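Asks: Sharing a structure here in structure tokens format.
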Amino acid sequence: MSAIIPMKDIVSLCKRRGFIFPASDIYGGVNGFWDYGPLGTELKNNIRDLWWKSMVITPPLGLDGAPLQIVGVDTAIIQNPTLWKASGHVDGFSDPMLDCRETKLRYREDKLIVLKSKDGQGHALVFHEDAEQDTIDARLKKLARGKSSADFETVSLPEIDLSEYSNLIGPDTKKAGTLTEPKEFNLMLHTYLGAAAGEDNKAYLRPETCGSIFTNFKNIVDTSRVRIPFGIAQIGKSFRNEVTPRNFIFRSREFEQMEMQFFCDPKDDIKGWFDLWKNYRKEWWLSIGLSDENLNFHEHTQDDLAHYAKEGVGAYDIEYKYPFIAPGFDELEGIHDRSQFDLSQHEKFSSKKMQYQNLQTNEWYTPYVLETSAGLTRGVLAVLCEAYTIDENRPSGMYMNCHPSIAPKKAAILPLVAKDGQPEIAQKLYMEMREHMPVDLDIKQNIGKRYARQDEIGTPFCITIDPQTREDQTVTIRERNTMAQKRVHLDQVLGYVQGNLKYS
RNA sequence: GCGGGUGUAGUUCAAUGGUAGAACGUCAGCCUUCCAAGCUGAACAUGCCGGUUCGAUCCCGGUCACCCGCUCCA
Numbered sequence: 007m008s009a010i011i012p013m014k015d016i017v018s019l020c021k022r023r024g025f026i027f028p029a030s031d032i033y034g035g036v037n038g039f040w041d042y043g044p045l046g047t048e049l050k051n052n053i054r055d056l057w058w059k060s061m062v063i064t065p066p067l068g069l070d071g072a073p074l075q076i077v078g079v080d081t082a083i084i085q086n087p088t089l090w091k092a093s094g095h096v097d098g099f100s101d102p103m104l105d106c107r108e109t110k111l112r113y114r115e116d117k118l119i120v121l122k123s124k125d126g127q128g129h130a131l132v133f134h135e136d137a138e139q140d141t142i143d144a145r146l147k148k149l150a151r152g153k154s155s156a157d158f159e160t161v162s163l164p165e166i167d168l169s170e171y172s173n174l175i176g177p178d179t180k181k182a183g184t185l186t187e188p189k190e191f192n193l194m195l196h197t198y199l200g201a202a203a204g205e206d207n208k209a210y211l212r213p214e215t216c217g218s219i220f221t222n223f224k225n226i227v228d229t230s231r232v233r234i235p236f237g238i239a240q241i242g243k244s245f246r247n248e249v250t251p252r253n254f255i256f257r258s259r260e261f262e263q264m265e266m267q268f269f270c271d272p273k274d275d276i277k278g279w280f281d282l283w284k285n286y287r288k289e290w291w292l293s294i295g296l297s298d299e300n301l302n303f304h305e306h307t308q309d310d311l312a313h314y315a316k317e318g319v320g321a322y323d324i325e326y327k328y329p330f331i332a333p334g335f336d337e338l339e340g341i342h343d344r345s346q347f348d349l350s351q352h353e354k355f356s357s358k359k360m361q362y363q364n365l366q367t368n369e370w371y372t373p374y375v376l377e378t379s380a381g382l383t384r385g386v387l388a389v390l391c392e393a394y395t396i397d398e399n400r401p402s403g404m405y406m407n408c409h410p411s412i413a414p415k416k417a418a419i420l421p422l423v424a425k426d427g428q429p430e431i432a433q434k435l436y437m438e439m440r441e442h443m444p445v446d447l448d449i450k451q452n453i454g455k456r457y458a459r460q461d462e463i464g465t466p467f468c469i470t471i472d473p474q475t476r477e478d479q480t481v482t483i484r485e486r487n488t489m490a491q492k493r494v495h496l497d498q499v500l501g502y503v504q505g506n507l508k509y510s
């Protein structure tokens with residue numbers, strides 16, 4: 007059981023060693039955006055590449071034991087805005103919202119009704135549109151100064167002029183004038199295409215990478231010789247207007263996803279496929295070094311299922327025990343049943359046939375979709391949290407215990423002293439090794455300092471050239487977690503390190 | 001979006017209405033030693049804008065960012 011590391015320690019290590027910086031740091035940053043520094047970029051790329059390998063290059067065997075086909079795409083962040091109308095993102099999540107300053111409650115403007123007195127005197131009362139008559143009567147009795155419901159007319163809130171807001175009593179308060187003016191809540195970030203800004207050329211930055219996977223379904227079936235069941239994978243940036251960016255890179259407005267949409271026959275064993283992906287994806291997180299005790303499956307209840315997943319085999323999140331929520335868990339990846347929702351929607355909105363033909367039966371059908379949607383940037387955070395290890399017995403006081411397969415630097419080459427021909431041997435080894443993996447060559451300062459520096463950035467192996475090297479061509483290899491050393495011949499160093507990089 | 005807190009060097013922290021310090025890190029030189037990251041030296045900071053004041057890093061206002069609690073998170 008490892009200790010919970012405060013987020014601020016992780017954030018400051020990231021800054022100090024060049025993993026992650028606030029975006030536009032010199033201007034004071036910008037809420038919800040982060041820049042990846044030299045080591046953070048290596049780390050993120052490593053996680054990204056391993057995902058691609060496990061999903062696209064070497065996907066698992068299917069239910070029948072045959073290798074699955076997963077193909078990749080890399081689509082534009084900006085797509086035709088109709089795509090987001092079809093997906094439900096434009097209309098579903100851009101309703102004007104207003105707040106009550108008194109109760110701190112938030113309402114959708116179109117869900118509220120107003121009881122306005124017919125003589126224009128006194129306060130107007132605001133209710134939820136589905137408020138019970140009993141509730142309305144009770145509040146009128148209390149707040150309407152002798153008037154009865156017959157003295158009021160009902161109007162919807164959007165019809166109320168802003169100048170009248172000071173006269174409104176909110177649904178959950180007794181005071182007038184506590185409601186803020188409605189503001190549009192935009193889930194999606196938008197921009198305008200072309201020089202002139204206007205509603206005609208409004209476009210959206212994608213809120214998820216899967217939208218354009220679905221719109222490419224037909225192109226891929228027509229050109230890529232894939233046959234159902236198969237998957238389409240994509241890694242890329244997405245954007246979302248989070249109300250409150252929070253918890254370092256966990257909830258940010260620009261983030262990166264690793265998604266795969268799996269298309270199968272609706273008559274196929276959906277539950278079987280779903281379980282296959284669910285387990286395969288968890289195994290993958292374990293394979294890059296997250297520990298089982300920090301991972302959790304969370305099954306969505308009917309109430310919190312997304313609009314596309316109300317039916318079907320459900321939705322599971324793979325969750326991680328991030329320090330800011332521990333001992334609880336928060337989302338890392340979603341394994342969701344998207345049913346035939348997306349392809350049906352796109353067929354409706356585009357008037358293009360988004361179906362697939364079973365060549366045995368000549369039957370056309372809309373494929374059934376299962377989604378694995380992992381957060382790459384959330385993965386980086388989970389890996390950083392998992393790796394941060396306190397160790398008071400070493401100079402750095404801590405080390406980053408990240409799996410060698412994702413470590414930003416695989417090895418550091420350190421001549422014990424900067425003389426006696428040691429730097430020359432070190433540089434020769436460095437030139438050889440850097441052809442195969444990211445390695446550091448560090449000659450300055452004493453050896454303890456250099457080990458400490460490598461511990462802080464999670465380098466799994468430190469290779470030290472010492473006086474004995476010139477005698478018998480051996481070096482020491484120091485293992486990061488144990489600090490134990492063994493002597494290895496120079497010719498075998500590369501092989502030794504390579505042999506220890508993979509998941510085992 | 002609301003409420004509360006915080007903002008001093010790359011990091012972690014001091015101090016002050018009148019010349020802003022330390023540790024670690026970084027860089028240079030020295031040393032040559034397998035990890036209490038040695039020795040000497042150097043560079044680097046009061047988030048931003050405005051107000052009060054002879055003078056503001058300190059007091060006040062605004063703003064931005066971060067943290068906590070709500071809200072939000074298809």
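Quick note: the first sequence uses our numbering, first residue 7, plus one each step.
Ideal placement from N, C-alpha and C gives every residue a C-beta, glycine not left out.
Computed from a prediction, not measured in an experiment: that's the story for all the values here.
#1: Could you name each continuous alpha helix (DSSP H) segment of 4 residues or more that falls completely within the stretch 406–449, going from the start of the chain to the end?
#2: Can you give me the Cβ contacts of residue 354 inside the same chain, cut-off strictly under 8 angstroms, excluding the 5 residues immediately before and after it?
#3: Touch check for the stretch 278–288 and the stretch 386–405: three-plus C-beta pairs under 8 angstroms?
#4: Could you pull out every unbroken alpha helix (DSSP H) segment of at least 4 residues lying fully inside the stretch 321–380, listed in chain order?
#5: Please specify which runs of the beta strand (DSSP E), each continuous and at least 3 residues long, are wholly inside the stretch 121–158, giving them in chain order.
#6: With a cut-off of 8 angstroms on the beta carbons, I'd call residue 343 and residue 325 a contact; round off their distance for me.
#7: Can you check DSSP and say which residues form a bridge with residue 243?
#8: Pick from 55, 18 and 16: whose alpha carbon is nearest that of residue 412?
#9: Can you look up residue 383 in the DSSP assignment and give me helix, strand or coil?
#10: Measure the beta-carbon distance from residue 319 to residue 277 and round it to whole angstroms, keeping in mind my assumption that it falls under 8 angstroms.
#11: Under the assumption that residue 87 contacts residue 208 (Cβ atoms under 8 angstroms), give the Cβ distance between them as a whole number of angstroms.
#12: Can you tell me whether residue 427 is buried or exposed? The criterion is at least 16 other CB atoms within 10 Å of its CB, across all chains shown.
#13: Please report the straight-line C-alpha distance between residue 47 and residue 106, rounded to a whole angstrom.
#14: Answer yes if the stretch 255–267 comes into contact with the stretch 236–244, meaning at least three C-beta pairs across the two stretches below 8 angstroms, and no otherwise.
#15: State the beta-bridge partners of residue 488 as determined by DSSP.
#16: Ends of the alpha helix (DSSP H) at residue 228?
#17: Using CA coordinates, which residue listed in 66, 128 and 464 is at the minimum distance from residue 281?
#18: Have a look at residue 499 and residue 433 and give me their C-alpha separation to the nearest angstrom.
#19: Using DSSP's beta-bridge definition, name the partner residues of residue 28.
#20: List the residues that DSSP assigns as beta-bridge partners of residue 78.
#21: On a CA-only basis, which of 9, 497, 28 and 503 is nearest residue 260? Give me that one, please.
#22: Please report the distance separating the alpha-carbon of residue 23 from that of residue 462.
#23: Let's see if you can read the secondary structure: which residues bound the beta strand (DSSP E) around residue 471?
#24: Assuming residue 474 and residue 418 are in contact, meaning their beta carbons sit under 8 angstroms apart, how far apart are those beta carbons, in whole angstroms?
#25: Within 10 angstroms of the Cβ of residue 44, are there 16 or more other Cβ atoms? Answer buried if so, exposed if not.
#26: Is the beta carbon of residue 175 closer than 8 angstroms to that of residue 146?
#27: Relative to the C-alpha of residue 257, which candidate in 20, 25, 37 and 50 has its C-alpha closest?
#28: Under the rule that 16 or more other beta-carbon atoms within 10 Å means buried, what is residue 115, buried or exposed?
#29: Given residue 224, which residues of its chain have a CB within under 7 angstroms of its CB, disregarding the five upstream and five downstream residues?
#30: Indicate whether the contact test is met: 3 or more Cβ pairs, each with one atom in the stretch 215–229 and one in the stretch 346–353, closer than 8 angstroms.
#31: Using the Cβ count rule (16 or more neighbours within 10 Å means buried), how would you classify residue 42?
#32: In or out: residue 172 buried (at least 16 other Cβ within 10 Å) or exposed?
#33: First and last residue of the alpha helix (DSSP H) that includes residue 457?
#34: For residue 134, collect the residues of the same chain with a Cβ closer than 7 angstroms to its Cβ; drop the 5 residues on either side in sequence, then sort them by chain order.
Replies: According to the structure data:
#1: 428–439
#2: 92
#3: no
#4: 347–356
#5: 130–134
#6: Incorrect: roughly 18 angstroms between the Cβ atoms, too far for contact.
#7: 262
#8: 55
#9: helix
#10: 5 angstroms
#11: 7 angstroms
#12: exposed
#13: 43 angstroms
#14: yes
#15: Bridge partners of residue 488: none, in fact.
#16: 223–229
#17: 66
#18: 14 angstroms
#19: 40
#20: 239
#21: 28
#22: 8 angstroms
#23: 467–471
#24: Going by Cβ atoms, the distance from residue 474 to residue 418 rounds to 19 angstroms, so no, they are not a contact pair.
#25: exposed
#26: no
#27: 37
#28: buried
#29: 358 and 360
#30: yes
#31: buried
#32: exposed
#33: 453–463
#34: 117, 118 and 177
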